[in-house]
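Heads up: the structure comes next, in structure tokens.
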Amino acid sequence: MYNSGKVIIGILVFIGIFISPFLLNFGGGQAHTKPDPKIPVQYEKCIEDVEYMKAYHMDMLNEWRDLVVRENQRFMQFEGSKIEMSLSKTCMKCHSSKVDFCDECHNYLDVNPYCWDCHVTPEEVQ
Amino acid sequence: MSVNRRKFLEMTGAVAALGLSTKGLELIAKDSAHGNGNSSAIRWAMVIDLSKFMNNPQLTKKCVDACIKEHNIPKIENENHQIKWIWEEPYTHAFIEQENEKLPNAIKDMPVLLLCNHCDNPPCTDVCPTQATWRRDSDGVVMMDWHRCIGCRYCMAACPYGSRSFNWFDPRPDIDNMHADYPTRKKGVVEKCTFCDERLSRGQIPACVEVSEGAMIFGNLNEPLSPVRRTLANRFSLRRKPELGTHPEIYYIL
Numbered sequence: 030m031y032n033s034g035k036v037i038i039g040i041l042v043f044i045g046i047f048i049s050p051f052l053l054n055f056g057g058g059q060a061h062t063k064p065d066p067k068i069p070v071q072y073e074k075c076i077e078d079v080e081y082m083k084a085y086h087m088d089m090l091n092e093w094r095d096l097v098v099r100e101n102q103r104f105m106q107f108e109g110s111k112i113e114m115s116l117s118k119t120c121m122k123c124h125s126s127k128v129d130f131c132d133e134c135h136n137y138l139d140v141n142p143y144c145w146d147c148h149v150t151p152e153e154v155q
Numbered sequence: 081m082s083v084n085r086r087k088f089l090e091m092t093g094a095v096a097a098l099g100l101s102t103k104g105l106e107l108i109a110k111d112s113a114h115g116n117g118n119s120s121a122i123r124w125a126m127v128i129d130l131s132k133f134m135n136n137p138q139l140t141k142k143c144v145d146a147c148i149k150e151h152n153i154p155k156i157e158n159e160n161h162q163i164k165w166i167w168e169e170p171y172t173h174a175f176i177e178q179e180n181e182k183l184p185n186a187i188k189d190m191p192v193l194l195l196c197n198h199c200d201n202p203p204c205t206d207v208c209p210t211q212a213t214w215r216r217d218s219d220g221v222v223m224m225d226w227h228r229c230i231g232c233r234y235c236m237a238a239c240p241y242g243s244r245s246f247n248w249f250d251p252r253p254d255i256d257n258m259h260a261d262y263p264t265r266k267k268g269v270v271e272k273c274t275f276c277d278e279r280l281s282r283g284q285i286p287a288c289v290e291v292s293e294g295a296m297i298f299g300n301l302n303e304p305l306s307p308v309r310r311t312l313a314n315r316f317s318l319r320r321k322p323e324l325g326t327h328p329e330i331y332y333i334l
């Protein structure tokens, strides 16, 4: 084999980099952190169950948007009371931090929803 | 199959007749029956009492500020970039078609509040390529959907009243006391007055009317006993550029 010294060193370096996350985990470190959205404590129930919200909250928000803006239906019934279909006013009332809730998973998955280009987060209110 | 000249002309004529009989007639019908969209139970309209604003110089600013606060509207110095939902102009600018040079100066300089006229026959909605703006049939409000606006500004060119503004920059740095109850807009989006549709759906009147100390009257034009109808029945009223056939629903009384 030509240049065997360089090739073997190259292979070793590659293997080292490749298994570095595993080594880090063995050493007690954390190569990977699961997103940890902060769930509000004082409220017991969301509008839908957790699994549904995890998978479909974006569809639900789009549906709300269409109902409110285009169909002029601003309110819905939840647990016997009238609530407003509003991201800023209803969702963020319980989930009171965009950074601790929305951003946790969105950053992890590298998705950039444009909700907040216009809708004002609780953090931004002066 | 060979098509001779005569056959070709016959077919062209038939297709043209078909087009005229459906779409064409529909358009003609729509144009001549502008008021038909007005047959819903609710038709929001506004009466602005100019004399009350003339006698109270602070009042226009109060109304404008209420709107700015309610809707997170930026305050921009550069006139070319300003965002205006409701704003003040002298009478001579607001009613250019009156062309009465011998009016008293007090009237010529009188402040007139201008806003979207929420026309019954709005030219802005016809030109929107994404249906980001449309006339709501249930109550006549000319709505905006900022989610859909692509910023082509056709609507701004179509509106004869200059009621629409374009966000040339991110408006957020120029917004005082931004609150989360109403969204801001973003760069590249057109915006305008929506008759406070968010307040209407909660049973409230528009923010400017609320603080106007009775100088603005808001109500249902299709309800014969509403304050708007009673005022219009008793007072002489003007509308801006009615000759264009847009059927504006903001009335001015003096």
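Chains G and Z are the protein sequences, given in the same order. If you read the first sequence in our numbering, its first letter stands for residue 30, the second for the next number, and so on. If you read the second sequence in our numbering, its first letter stands for residue 81, the second for the next number, and so on. Note that beta-carbon positions come from the ideal geometry of N, C-alpha and C, so glycine has one too.
In the DSSP assignment, Z/V192 falls within the beta strand (DSSP E) that extends over P191 to L195.
Looking at the backbone, the Cα of G/I68 and that of Z/R282 are separated by about 30 Å. Z/K272 and Z/C229 have their C-alpha atoms some 12 Å from each other. The stretch 229-243 of chain Z and the stretch 197-208 of chain Z touch, with three or more beta-carbon pairs separated by less than 8 Å. DSSP places G/L90 in the helix class (H, G or I) of the three-state scheme. The count of Cβ pairs closer than 8 Å, one atom from the stretch 305-317 of chain Z and one from the stretch 162-175 of chain Z, stays below three, leaving the stretches out of contact. When Cβ-Cβ separations below 8 Å define contact, Z/M258 makes contact with chain G.
Proximity of chain G to Z/H227 at the Cβ level (cut-off 8 Å) is accounted for by R94 and V98, in chain order.
Per the DSSP secondary-structure output, G/K111 pairs in a beta bridge with G/Q106.
Against Z/S281, the close residues of chain G are N101 and R103, in the order they occur along the chain (beta-carbon pairs closer than 7 Å). The C-beta of G/H124 has 16 or more other C-beta atoms within 10 Å across all chains shown, which makes the residue buried.
Closer than 8 Å to the CB of Z/S292 there is not a single CB belonging to chain G. For Z/I187, the uninterrupted alpha helix (DSSP H) run begins and ends at N185 to K188, by DSSP. Contact between Z/E157 and Z/L194 does not hold, since the beta-carbon distance rounds to 20 Å and is not under 8 Å. With distances taken between CA atoms, G/T119 lies nearest to G/C75 out of G/I38, G/D132, G/C75 and G/S49. Looking at Z/Y171, Z/C208 and Z/D261, the one whose alpha-carbon comes closest to that of G/E113 is Z/D261. Take the alpha-carbon of Z/K321 and the one of Z/I333: they are about 15 Å apart. Excluding residues up to 5 positions away in sequence, I166, W167, E168, L193 and C288 lie with their Cβ nearer than 8 Å to the Cβ of Z/V144 in the same chain.
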